[in-house]
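Chains as they are written, first to last, in the UniProt record's numbering: chain A, 1 to 102; chain B, 1 to 537; chain C, 1 to 646; chain D, 1 to 494.
So, in structure tokens, the structure goes:
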């Protein structure tokens with residue numbers, strides 16, 4: 001099975017776009033965090049897939065591992081913030097949290 | 001001491017301001033005394049300066065000290081210096097500044113609110129004005145130029161009239177806009193100019209004298225007169241000139257960028273109005289003569305007609321507006337617009353007469369407008385009302401005041417015997433002659449400008465008729481009893497002004513002999529260089 | 001100037017003294033305490049007397065000697081010298097004497113006339129200054145200095161006409177006089193600019209050799225003529241002169257005789273050489289119009305002083321015609337004679353007014369004492385004044401045996417000579433001048449008749465007495481010099497000592513003209529007698545063809561409207577709203593108004609508005625909703641990428 | 001493949017050059033541990049963190065003195081310590097120190113102080129690493145280090161609004177860094193290396209330019225722009241600024257900005273490849289700068305809240321800093337560093353006094369009314385700060401702007417690109433607009449009359465520190481030579 005590299009790229013781009021749309025449009029903060037994960041994983045996919053183009057170079061895979069770690073941290077911080085938000089605002093809809101404006 | 005005279009003039013007020021800073025705010029009299037002492041010292045320095053000044057010897061009392069020297073490697077060295085000096089252009093204005101600032105201090109005697117702050121700001125303003133008139137380094141000039149803004153802003157905004165906030169912000173924004181235009185050109189200029197005295201290394205100099213020499217432009221620079229880059233309709237040099245021109249024209253002020261002036265004047269306290277009209281406006285004209293014209297003579301030559309035309313428009317538009325003004329201070333403010341138009345017309349003539357007239361006009365208008373604003377202030381002090389239509393027949397009630405008003409009005413409308421006449425007639429002669437010498441102005445401009453004389457007579461005499469003649473009658477929230485004649489302090493503020501105006505109207509030679517060499521040199525330089533640079537492809 | 005004449009010290013001294021005394025009078029007036037203000041009047045008259053004596057010495061020493069020229073550098077610029085020059089020849093010496101003399105007489109007269117006036121110090125100060133300024137014009141050998149004094153004359157006339165500043169009409173008239181003069185002066189200034197640009201000198205002597213392009217020369221001379229039109233109240237800038245009658249009567253005498261309106265004619269004579277032929281033609285036409293206009297308007301006036309004012313207009317017109325016709329001598333001769341008899345007439349009229357005022361004051365009857373319709377039969381009550389009036393009136397009318405006959409004759413002769421042979425438009429001018437001299441007789445006769453003859457009406461109940469001696473004396477002196485004898489031995493030949501010495505004498509005198517003129521005048525006298533009861537009721541003439549209203553309507557009002565408009569526009573900047581202006585009737589007004597609203601207003605309002613608008617635009621992305629932020633940022637990046645890649 | 005021993009020795013050598021960062025790391029650990037002690041004095045924590053910064057500054061100074069000016073690659077090319085990064089690191093440390101000083105004045109109000117300081121130092125450490133990074137992986141990691149800590153710190157007001165700011169910051173930041181990461185991944189694919197300082201990175205880009213590359217690079221840039229709060233990735237800034245505690249804002253306005261600027265400079269210079277790049281990065285940066293200036297200045301005109309106003313001001317200041325980079329001439333970077341230094345001083349001057357006034361209840365602009373008459377010195381110093389931010393003489397802000405715009409003019413003369421001229425004119429005219437809002441607080445303070453509950457007290461810590469900062473701002477105008485001489489020694493190599 002020899003899938004060309006650009007297929008991975010398309011998939012990555014698709015994942016990234018979906019993630020972005022989710023981030024922008026979902027009304028639940030948890031889902032927004034999921035969208036973020038999608039976006040990060042789109043990059044991961046790219047990084048790993050590019051190994052095809054640059055064989056013998058493990059930097060991409062390394063990077064992906066780091067990204068996964070960072071994504072975990074990010075999720076942790078994000079969830080903590082969401083919890084705080086819920087405590088203060090009794091909602092997890094980002095749009096409803098808009099006391100800071102203008 | 002002689003070689004430090006200008007520095008003494010400049011730093012005495014700053015040191016006094018610093019000293020005042022550490023004195024308790026409660027001892028109000030101290031601040032007045034300190035300021036007066038500074039003024040007296042400045043007068044003494046000025047006298048020494050005048051006695052040792054040699055007319056026709058170019059720049060004198062020059063102090064040149066390195067200030068900023070930055071070695072930027074391949075790019076070259078950036079050099080700004082503490083470079084001051086006086087010549088036939090700046091000496092009259094420095095003298096005027098010292099005199100008017102003294103008058104302003106005396107006129108400030110009645111300030112009671114926050115005396116400390118007021119006098120500190122006044123002292124800073126003092127230094128900035130003197131500095132602007134003496135600086136020969138663009139960066140230094142710009143420093144002083146900007147330095148005037150904040151004290152002036154607060155002086156109007158804190159001690160001004162009812163609409164002071166609006167007026168002060170308008171003043172500030174306008175002037176800042178002008179100074180930004182100047183800043184743009186300053187940046188472009190110093191990058192483009194090198195110091196010819198240093199061989200080998202490229203030295204980017206802020207020295208105005210270097211900038212005025214066309215051969216000092218780095219040949220790759222956009223502003224190099226021999227390689228004028230075309231940017232849209234004009235060459236880069238013309239653009240630069242236009243920016244400078246409008247930058248200074250705002251200060252001058254020229255129609256249509258004049259509207260900050262009436263507001264600022266109407267709202268400012270009397271001494272500040274005096275300084276504003278007598279000195280700050282002159283910096284516009286001074287900047288044109290010192291910076292815009294000599295550095296870009298080709299563009300100035302090319303656009304001379306435009307400068308002259310704007311001058312004529314200012315003369316007439318300002319006059320018409322003065323005629324329709326209902327407030328005495330506003331009327332005087334508009335008359336300033338009209339009179340400063342003569343400065344533009346004179347400078348744009350590229351003749352010795354026109355230039356001398358322009359400088360003389362700056363000096364003379366400094367005296368006359370100071371007197372006018374003091375007079376307007378006298379009335380405002382009495383009744384807090386400057387509406388022209390609220391008064392009638394003051395001549396009978398306030399005879400001395402009316403006498404001074406007569407002097408000031410007739411001096412301002414250019415009656416012979418007063419200094420304004422000499423200035424205006426020189427401007428007219430120069431402006432008319434310009435075309436014959438290959439200068440940029442058409443004869444018709446001078447002819448149209450004579451309308452300004454008629455309009456000037458019309459609004460002043462009409463005001464006289466309305467306010468001072470006819471039967472005594474007042475309207476508004478005050479009574480006739482409040483209209484006391486001049487008190488002694490006011491009298492002694494006005495008398496020296498009136499005498500000075502008269503003196504320079506009857507004996508122009510002392511002042512003219514100072515201006516003359518400068519005017520000749522200036523006119524010949526801009527005309528010749530302007531023509532030559534224009535001819536070179 | 002082949003023979004260099006050295007002037008004595010006495011001459012120098014007297015020349016300085018002649019000018020210094022009036023100035024001294026001006027200065028000293030400020031130092032006399034208000035309590036003793038009457039001293040001013042005496043002191044001033046005394047100083048003027050000294051001045052007159054000094055100028056007499058000057059006249060004596062300079063008469064028929066080579067001109068005295070002295071140049072003092074006022075200031076120098078660019079290698080050119082702006083000098084204050086003195087130039088004394090026969091004309092200026094004579095004029096100096098006449099100015100100082102008449103002024104002295106007026107001063108003297110004023111001692112009586114103005115006694116008790118509150119502003120007497122100011123009055124005499126300005127009178128002195130007025131004289132000084134006029135003397136300056138007379139002796140100046142330099143156009144710039146002339147212009148300086150010219151303006152100063154305007155200033156002092158402003159102060160004097162508006163002497164009674166509490167009266168609104170006086171304030172109005174003085175303002176008007178100054179502004180109208182300024183209009184002329186603006187033209188004068190243009191003339192000066194042309195002269196300077198081409199000759200680089202203002203020295204009158206030097207200008208005679210100035211090579212100038214004829215077009216510029218014509219323009220320059222017309223420019224200077226503008227100044228003259230203003231000062232000598234020629235058409236169309238004459239309206240200030242009748243208005244100026246609100247000033248004190250001695251001032252009117254001075255203005256009309258020696259110090260103000262004379263300046264124009266004098267200057268015209270002095271710089272006559274600058275005038276090119278086309279320019280002279282215009283001068284002649286303007287003079288002619290003025291003369292006619294003055295004469296016809298005088299017919300319809302009821303106010304004594306107005307009649308005299310219009311008569312001055314018409315006489316000045318005659319002088320200007322003579323100058324236009326190339327005969328400065330004739331004009332000057334008439335100027336000199338006119339100075340005496342017109343001063344005399346005004347003083348006499350002043351005497352009438354003064355006496356009637358005094359009488360009114362005692363009896364508390366009020367009517368307009370200057371209106372001749374209220375007067376009549378004063379012959380018996382004021383015999384001395386009547387006599388003076390008759391003598392000086394005859395001179396004005398140009399009856400034989402008076403100075404006026406001589407000078408008018410000179411003008412007519414000059415015109416006859418000028419128009420030459422054949423038929424040309426110049427003949428029309430000659431005819432007009434003849435008509436003017438005819439009308440002059442008519443209105444003068446009518447005026448005197450109405451005041452002194454007939455029966456008393458309003459004044460019948462009044463106890464009227466002659467004015468004091470201090471007023472009578474100057475009148476007597478002036479009446480005396482209104483006779484022919486001072487100007488030419490032969491009462492029918494103007495070609496006397498004065499005429500021959502005030503210019504290049506042209507040996508042209510036609511006895512025919514004198515005879516014709518004498519007959520013409522007698523005829524006019526007859527007509528005047530016959531029609532003495534006819535009143536010319538034309539309001540058109542009464543108001544001098546509504547000229548000032550015309551000026552008001554078409555010059556003043558638009559300017560004020562324009563001013564209001566520009567101001568309005570400026571204001572709107574500040575207030576930030578526009579509303580339609582009621583003043584926008586004129587196209588110009590519309591245009592400037594549009595310009596101001598669109599361009600000038602637009603600046604601050606526009607910039608501020610745009611800034612705020614832009615601010616609210618850029619801010620509008622900041623709604624507080626985080627997902628929207630992200631959306632906008634994404635959107636912006638996409639736009640950015642697309643824009644850059646394309 | 002190197003030998004392990006060699007690698008180890010190179011890592012050892014790297015550690016020596018990583019002195020300041022090690023100091024900071026130690027500080028973090030110590031502070032966290034100290035936080036565990038129940039009865040610890042708050043002052044002790046403050047002193048400890050101040051000490052950390054002081055030592056870090058001292059170590060960096062010592063290091064930059066001892067180090068030959070050559071740049072040194074650390075950890076096999078992950079980081080690079082050169083004079084550029086050292087200088088920025090120093091600025092960042094000084095900012096940290098000033099933040100600690102500001103915090104000291106309100107430490108009693110601050111909950112979880114040890115964590116607060118620890119996070120502060122973590123951000124500093126991340127910023128240090130960020131400016132040293134030449135590897136995309138390292139860039140990502142250090143950027144996340146800064147970001148994650150910032151998200152938390154932004155909520156340290158422990159208020160409703162603080163939490164909201166924190167959330168917005170987090171969401172916006174995460175998306176930006178995800179986008180950046182995506183861009184990085186594409187760049188890796190296109191070039192085959194993560195080290196953007198290498199020729200390998202730029203060569204394929206010069207040889208085979210593709211739009212994909214541009215998109216990738218621009219997405220990468222977006223991450224830096226977000227960190228700098230430059231348009232169009234600025235919207236988080238005002239919200240976060242309004243909600244966070246004052247010292248934190250002061251810190252945010254400088255440290256992440258400078259760190260982002262540092263890495264952006266390196267990154268864009270690599271992309272620009274001495275003008276060989278087929279994409280006009282100069283144009284892009286000019287556009288970004290103009291957009292930032294416009295958005296920042298014009299939006300600020302409307303603000304009524306001092307903190308929010310400063311948020312927009314910080315956006316506009318990013319625009320000014322970017323101008324220096326956009327010139328793409330060597331002295332442009334130098335001048336940018338000068339302006340950045342001046343910016344640190346004037347920024348802290350302003351925030352110091354904003355905090356002071358906030359403690360007196362002045363949060364909205366109107367509430368400043370009348371304060372200038374009672375609290376003369378604080379108001380005057382605040383005025384100086386605002387004047388400096390506006391860029392008027394005689395302040396370092398003016399000199400900085402003068403320098404930056406002269407390098408821009410130079411760049412314009414070299415390239416003749418119209419966009420640079422526009423940027424210059426536009427940027428300077430923006431000064432006028434900025435004046436409008438910068439002067440509003442002094443305007444209320446001095447001109448409007450109002451009541452304020454305070455007693456004039458000259459001898460406060462704020463006034464002492466303020467005086468030092470004011471003198472600094474003025475000194476930078478009157479004698480820029482000293483600092484400029486130091487900056488000039490910075491030899492900028494990729």
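All C-beta atoms in this analysis are idealised placements derived from N, C-alpha and C, irrespective of residue type, glycine included.
Within the region 202-221 of chain B, the residues whose Cβ lies closer than 7 Å to some Cβ of chain D are 220, 221, listed in chain order. Contact between residue 390 of chain B and residue 476 of chain B holds, since their C-beta atoms are separated by about 4 Å, short of 8 Å. By the Cβ test, the region 127-145 of chain D is in contact with the region 73-82 of chain D, since at least three Cβ pairs between them sit closer than 8 Å. The CB of residue 409 of chain D comes closer than 7 Å to the CB of 187, 188, 191 in chain B, given here in chain order. Neighbours of residue 629 of chain C across chain D, judged by C-beta separation under 8 Å: 168, 172, 235, 236. Here residue 88 of chain C carries a strand assignment [DSSP, helix/strand/coil]. At a cut-off of 7 Å between beta-carbon atoms, residue 98 of chain A makes contact with chain C. Between residue 427 of chain B and residue 345 of chain B, the gap from beta carbon to beta carbon is short of 7 Å. In this structure residue 339 of chain B is buried. Its beta-carbon is surrounded by 16 or more other beta-carbon atoms within 10 angstroms.
Residue 515 of chain C counts as exposed, since fewer than 16 other C-beta atoms from the protein chains shown sit within 10 angstroms of its C-beta. The beta-carbon of residue 645 of chain C is placed less than 7 Å from the nearest beta-carbon of chain D. Interface annotation for the region 154-181 of chain C against chain B: 155, 162, 165, 166, 168, 171, 172, 175, 178, 179, criterion Cβ-Cβ distance under 7 Å. In this structure residue 505 of chain B is buried. Its beta-carbon is surrounded by 16 or more other beta-carbon atoms within 10 angstroms.
Taking a cut-off of 8 Å on C-beta distances, the region 91-98 of chain C does not touch the region 520-528 of chain B, as fewer than three cross pairs fall below it.
Taking 7 Å as the threshold, the shortest C-beta distance from residue 24 of chain A to chain C falls below it. Closest by C-alpha distance to residue 190 of chain C, out of B/254, B/452, B/50, B/109, is B/452.
With fewer than 16 other Cβ atoms inside 10 Å of its own Cβ, residue 28 of chain A counts as exposed. For residue 566 of chain C, the C-beta contacts it makes with chain B under 8 Å involve 317, 320, 321, 324, in order along the chain.
Going by DSSP, residue 63 of chain B is part of the beta strand (DSSP E) stretching over 60-71. For the region 68-80 of chain C, the beta-carbon criterion of a distance under 9 Å to any beta-carbon of chain B is satisfied by 73, 74, 75, 76, 77, 78, 79, 80. In chain order, 392, 393 make up the part of chain D whose C-beta sits under 7 Å from the C-beta of residue 146 of chain B. The beta-carbon of residue 8 of chain A is placed no less than 7 Å from the nearest beta-carbon of chain D. Residue 370 of chain D: not part of any alpha helix (DSSP H); DSSP gives it neither H nor E. Taken in chain order, the members of the region 138-155 of chain D whose beta-carbon sits within less than 8 Å of a beta-carbon on chain A are 140, 141, 144, 148, 151, 152, 155.
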